[in-house]
Amino acid sequence: MRLGLAVAGLMLVAACGGNQAILVAAGTTLVDSGFVEEVAGDFTAQTGTDVDVIGEATAQVLALARSGSVDVTITHAPDLEAEFEADGLASRSATVFTSRFVIAGPPGVELEARSAVTAFQEIASRQGPFVGREDGSGTSLVESAIWQLAEVDAPAQSWYLSTGQGMGLTLQVASERSAFVLAELGTFLSTGELALVDSDVDDPALQNSYRAMSVVGTESSTAADSFVGWLVSADGRAAIERANVEIFDRPDVYRTPAPLRD
Amino acid sequence: MDLILDAIADAFASLSDPELIEVVALTLVVSGLAAISSLALGVPVGAALGLGRFRGRGTLRVAVDVGMGLPPVLVGLALLLLLWRSGPLGSLRLTFTPTAMVMAQFLLALPIVVGLTASVIESLPAAALEQLEALKLNRVDRSRLALVEVWPGVVGAAVAAFGRVVSEVGAVLIVGGNISGETRVLTTLIVQESRQARFGPALGAGIVLLVISLIVNVSLSRIRGAR
């Protein structure tokens, strides 16, 4: 009886406490390394709002958001995000941090090319091998865009391996098969035991920019809006910098954009 | 409801996809080889275990019982560690190949074949076992005679082994990598398609998997019934 009362009391506290939990869906690149959870932990500590994080490919994240299943999205596909916002589905949105894509390959094989497109052409002329994701992720969209600019129909080639899976597994396959791969920097750094090196191709085309959007009309939309606002606030930026050091031992994997003036 | 009806309609449309046929072929080859090789080793070992009085029999029995319930992801992880290029068997270069998938499924199927074969032999009537003893045959011939007695049970072990490996996803995803045209099988295809919310093709692959299980089960039980 006492136990029953205690349980009922706890449930009442939980229901009245106003501690809305929000569900954040982010690209697997951000979730596999634990980065988003690390950042969200600070938001919970500061506001008392619990944040649950799930990782899916960008296209899937936005599909979940369209069905109203998640409160906040963090993705990296500018075209799909613009479409989402144009459809009036985002209540609040902001570019929250940027990283870059890495063209990685087997150690000892150096690419001469210094731009993304010429690097892909060089990979094609040496017949790869190249491992792609083809899973609707932001990374795979960027990869196909570069292949298109390079005028190579890579997925049709015998040297092109497609995993249809997340960044971590794709990096493993590339490493074990001595293949090239387009990887997002954070996942590249956080995946262990890889025999792959960054080719250091530095090209604006390899910039990777993450946008957070709160979804219109979900149950926790107020908390979702404040989470997106917090990410670009001084507190949020500090949390992002701290999470970088915590997870990657360096401050500059995910960089916050220049402060916005309201 | 529309979601489900659409998925079912798309599922049937996806059945004529040539890529799916390639995936089905690889699925049958990988799981078929795993089942056959586990039978080749598992039936003699199972017979010895069922008949024998030898040292270490109790330990082997426990190991087999544990092995019958091994989590596929754990088998996948262990094999990946062994085969990883900087690991003990790395020089074989087998990570993310169909061979690695057959190895994983063989390890999953083997304890089932051994355990079930031993069980059917142990369940022979005491009189039959005594008769076998009385014939004073060597071990191999005795096992052979016992297996002839219980062969429908061995067929059952084959069905169970194939059924387990053809439907598991954990091990083949970890050691295979779901590479298109190389290591993609029905179960890993279903994972891939459902993660991308392409429910039609996911369900289509699921239907094929179900049909394969049905065909195998029905044909093997007919073999058993024909006795």
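Chains as they are written, first to last, in my numbering: chain Y, 1 to 262; chain A, 1001 to 1227. All C-beta atoms, glycine included, are put in the ideal place defined by N, C-alpha and C. This structure is a prediction, so every number in the text was calculated from the model and none was measured.
Contact list for residue i against chain Y, beta-carbon separation under 7 angstroms
| i | result |
| --- | --- |
| Phe-1199 (chain A) | Within 7 angstroms Cβ-Cβ: nothing; Phe-1199 (chain A) doesn't reach chain Y, min ~11 angstroms. |
CB-CB length for residue i against residue j, believed under 8 angstroms
| i | j | result |
| --- | --- | --- |
| Asp-135 (chain Y) | Gly-164 (chain Y) | 5 angstroms |
| Gly-217 (chain Y) | Gly-41 (chain Y) | Contact doesn't hold; Cβ gap of about 27 angstroms is too wide. |
| Tyr-160 (chain Y) | Phe-130 (chain Y) | 5 angstroms |
| Ala-94 (chain Y) | Val-232 (chain Y) | 5 angstroms |
| Trp-1084 (chain A) | Thr-1095 (chain A) | 6 angstroms |
| Val-24 (chain Y) | Val-96 (chain Y) | With a Cβ gap of about 12 angstroms, Val-24 (chain Y) and Val-96 (chain Y) do not count as contacting. |
| Glu-143 (chain Y) | Gly-128 (chain Y) | Contact doesn't hold; Cβ gap of about 13 angstroms is too wide. |
Spatial neighbours of residue i in its chain, beta-carbon cut-off 8 angstroms, leaving aside the 5 residues before and after
| i | result |
| --- | --- |
| Pro-78 (chain Y) | Ser-209 and Arg-211 |
| Ala-1009 (chain A) | Gly-1200 |
| Arg-1057 (chain A) | Leu-1049 |
| Thr-222 (chain Y) | Gln-20 |
| Ser-315 (chain Y) | With chain Y running from 1 to 262 in the structure shown, residue 315 (chain Y) is simply not present. |
Cβ neighbours of residue i in the same chain (closer than 6 angstroms, five flanking residues each side left out)
| i | result |
| --- | --- |
| Glu-1122 (chain A) | Gly-1050 |
| Pro-106 (chain Y) | Ser-178 |
| Gly-1087 (chain A) | Leu-1081 |
| Leu-80 (chain Y) | Leu-62 |
| Val-1218 (chain A) | none |
| Leu-1147 (chain A) | Ala-1047 |
| Ala-1118 (chain A) | Gly-1046, Leu-1049 and Gly-1050 |
| Ser-190 (chain Y) | Ser-33 |
| Ser-137 (chain Y) | Ala-57 and Thr-58 |
Beta-carbon contacts of residue i that lie in its chain and below 7 angstroms, excluding the five residues immediately before and after
| i | result |
| --- | --- |
| Glu-184 (chain Y) | Thr-29, Ser-99, Phe-101, Thr-139, Met-167 and Asn-208 |
| Val-1165 (chain A) | Ser-1031, Ala-1034, Ala-1035, Gln-1105, Leu-1108 and Ala-1109 |
| Gly-1206 (chain A) | Ile-1190 |
| Ala-243 (chain Y) | Phe-35, Glu-38 and Val-39 |
| Asp-203 (chain Y) | Ser-115 and Ala-116 |
| Pro-1044 (chain A) | Ser-1143 |
| Glu-246 (chain Y) | Glu-38 |
Where residue i meets chain Y, residues with beta-carbon distance less than 8 angstroms
| i | result |
| --- | --- |
| Ile-1112 (chain A) | Residues of chain Y passing the Cβ test: none, with the nearest at roughly 28 angstroms. |
| Gln-1192 (chain A) | Asp-135, Gly-164 and Gln-165 |
Neighbour list for residue i in chain A, Cβ cutoff strictly below 7 angstroms
| i | result |
| --- | --- |
| Leu-169 (chain Y) | Gly-1177 |
| Val-215 (chain Y) | Result: empty, since nearest Cβ-Cβ is about 17 angstroms, beyond 7 angstroms. |
| Glu-151 (chain Y) | The contacting residues do not exist; Glu-151 (chain Y) stays about 22 angstroms from chain A at best. |
| Asp-32 (chain Y) | Correct list: empty, because the minimum Cβ distance to chain A is about 14 angstroms. |
| Gly-136 (chain Y) | Gln-1196 |
| Arg-177 (chain Y) | Phe-1096 |
| Val-142 (chain Y) | Neighbours of Val-142 (chain Y) on chain A: none; closest Cβ ~17 angstroms, over 7 angstroms. |
| Val-173 (chain Y) | Phe-1096, Gly-1177 and Ile-1179 |
Continuous beta strand (DSSP E) stretch holding residue i: start and end
| i | result |
| --- | --- |
| Gly-105 (chain Y) | 90-105 |
| Ile-1054 (chain A) | Before going further, note that residue 1054 (chain A) is Phe rather than Ile in the sequence given. Run containing Phe-1054 (chain A): none; DSSP gives neither H nor E here. |
| Gly-128 (chain Y) | Here Gly-128 (chain Y) belongs to no beta strand (DSSP E), and DSSP marks it neither H nor E. |
| Arg-1222 (chain A) | Element bounds for Arg-1222 (chain A): not the beta strand (DSSP E) but the alpha helix (DSSP H), 1199-1225. |
| Gly-68 (chain Y) | Here Gly-68 (chain Y) belongs to no beta strand (DSSP E), and DSSP marks it neither H nor E. |
| Leu-23 (chain Y) | 22-27 |
Partners in chain A for residue i, counting only beta-carbon separations shorter than 8 angstroms
| i | result |
| --- | --- |
| Leu-161 (chain Y) | Ile-1179, Ser-1180 and Glu-1182 |
| Ala-195 (chain Y) | Arg-1085 and Ser-1086 |
| Glu-56 (chain Y) | Arg-1195 |
| Gln-60 (chain Y) | Arg-1195, Gln-1196 and Ala-1197 |
| Ala-63 (chain Y) | Ala-1197 |
Extent of the continuous alpha helix (DSSP H) run through residue i
| i | result |
| --- | --- |
| Ala-1128 (chain A) | 1126-1134 |
| Phe-43 (chain Y) | 35-47 |
| Gln-1105 (chain A) | 1098-1122 |
| Ala-234 (chain Y) | 234-248 |
| Glu-56 (chain Y) | Here Glu-56 (chain Y) belongs to no alpha helix (DSSP H); instead the beta strand (DSSP E) covers 51-56. |
| Gln-148 (chain Y) | 138-149 |
Test: residue i CB closer than 8 angstroms to a CB of chain C
| i | result |
| --- | --- |
| Ala-154 (chain Y) | Protein chains in the displayed structure are Y and A, and chain C is not among them. |
Would the stretch 1185-1193 of chain A and the stretch 1055-1074 of chain A be scored as touching if the rule is three or more Cβ pairs under 8 angstroms? The stretch 1185-1193 of chain A makes no contact with the stretch 1055-1074 of chain A; the number of CB pairs closer than 8 angstroms stays below 3.
Check whether the stretch 1136-1148 of chain A and the stretch 1017-1027 of chain A touch, using three or more Cβ-Cβ pairs below 8 angstroms as the test. Not touching, per the Cβ criterion.
Quick check: the stretch 142-153 of chain Y against the stretch 119-126 of chain Y, are there 3 or more CB pairs under 8 angstroms? Because the criterion of three Cβ pairs below 8 angstroms is met, the stretch 142-153 of chain Y and the stretch 119-126 of chain Y touch.
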